[in-house]
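Mapping the sequence shown onto UniProt numbering, position 63 (from 1) lands on 63, and the numbers just tick up by one. Ideal placement from N, C-alpha and C gives every residue a C-beta, glycine not left out. These numbers come from a predicted model, not from an experiment.
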Amino acid sequence: MTTPTKRPRRNHRSAKKAGTRFERSVADYLAATLDDRIDRRVKAGSKDCGDIGGVRRSPCGSRIVIECKDTSKIALAQWVREAATEAANDGALMGAVVHKRVGVGDPAQQWVTMTLADLVTILSGQRPSTHVARTEDKAPAAAEVSA
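Laid out in structure tokens, this is it:
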């Protein structure tokens, strides 16, 4: 009987190399399919502005920050907060997270995570200003209560 081989733990250096490789792959894919000015950013310290630069809603539109994650541990809320902070640092319209699918090398098939407000921002070109309550969330009108 064959014993399964155990995958070696990733150290800091190999994790950093994998992250850089993933960022390069995402940047190259976006540059080839959208705009050749899109590229991987050099790390900028405490005021990080995202991993991929030059992404715009349209060729002359608002900037969008892309944060890349190559890890098997999912932390969506943390990653989306990080992308939002980096978008603010960059003065960008919004941020999105591209995270690697385990076992999938094609950059076009990676996951993208953002809030619904971010999706509305991409589709409309504007950040939604307020929370829009669903009709079920609203208090019933006086006429509805007495009926």
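What ranges does the alpha helix (DSSP H) occupy inside the stretch 48-112, keeping only unbroken runs of at least 4 residues that lie completely in it?
76-90
Which residues share a DSSP beta bridge with Asp-39?
Position 39 of the sequence shown, counting from 1, holds the residue named residue 39. Bridge partners of Asp-39: Gly-53.
CB-CB under 6 Å to residue 211, same chain, minus the five flanking residues each way: which ones, in chain order?
Past the edges of the chain, shown from 1 to 147, lies residue 211, and the structure says nothing about it.
Among Pro-107, Ile-52, Gly-103, Cys-60, which one has its Cα closest to the Cα of Arg-40?
Counted from its first residue, the sequence shown places residue 40 at position 40. Of Pro-107, Ile-52, Gly-103, Cys-60, the residue nearest in Cα terms is Ile-52.
Of the listed residues Ser-58, Gly-19, Asp-28, Trp-111, nearest to Thr-121 (C-alpha basis)
Your numbering for residue 121 matches position 121 in the sequence shown. Of the candidates Ser-58, Gly-19, Asp-28, Trp-111, the one whose C-alpha sits nearest the C-alpha of Thr-121 is Ser-58.
Report the CB separation of Arg-127 from Leu-93 in whole angstroms; it is logged as a contact under 8 Å.
Residue 127 sits at position 127 when you count from the first residue of the sequence shown. Residue 93 sits at position 93 when you count from the first residue of the sequence shown. That belief holds up - the Cβ atoms of Arg-127 and Leu-93 are roughly 7 Å apart, short of 8 Å.
Taking the C-alpha atoms as reference points, what is the distance between Arg-63 and Asn-11?
Position 63 of the sequence shown holds residue 63. Position 11 of the sequence shown holds residue 11. Using only the alpha carbons, I get a separation of about 34 Å.
In chain order, what residues of the same chain have a beta carbon less than 7 Å from the beta carbon of Ser-25, not counting five sequence neighbours either side?
Your numbering for residue 25 matches position 25 in the sequence shown. Exclusion of the five residues before and after Ser-25 leaves Pro-107 as the residues of its chain whose Cβ lies within less than 7 Å of its Cβ.
What is the C-beta distance between Val-97 and Val-80, in whole angstroms, given that I count them as a contact (C-beta under 8 Å)?
Numbered from its first residue, the sequence shown carries residue 97 at position 97. Numbered from its first residue, the sequence shown carries residue 80 at position 80. About 6 Å separates the two Cβ atoms, so the contact holds.
Where does Arg-10 fall in DSSP's three states?
Within the sequence shown, residue 10 is the residue found at index 10, counting from 1. Three-state DSSP puts Arg-10 in coil, outside helix and strand.
Option nearest Met-114 by Cα separation, candidates Gly-50, Ser-129, Val-42, Gly-95:
The sequence position of residue 114 within the sequence shown is 114, counting from 1. That would be Gly-95, whose Cα lies nearest to the Cα of Met-114.
Gly-45 by DSSP, collapsed to three states: which one?
Position 45 of the sequence shown, counted from the start, is the residue given in the question as residue 45. Three-state DSSP puts Gly-45 in a helix.
Could you tell me the alpha carbon to alpha carbon distance between Lys-17 and Ser-72, rounded to whole angstroms?
If you number the sequence shown from 1, residue 17 lands on position 17. If you number the sequence shown from 1, residue 72 lands on position 72. Their Cα atoms are separated by approximately 15 Å.
Three-state secondary structure (DSSP) of Gly-125:
As a position in the sequence shown, residue 125 is number 125, starting the count at 1. Residue state, collapsed to three classes: coil.
By how many angstroms is the C-alpha of Arg-56 removed from the C-alpha of Gly-91?
Walking along the sequence shown from the start, residue 91 turns up at place 91. Walking along the sequence shown from the start, residue 56 turns up at place 56. Distance between the alpha carbons of Gly-91 and Arg-56: 12 Å.
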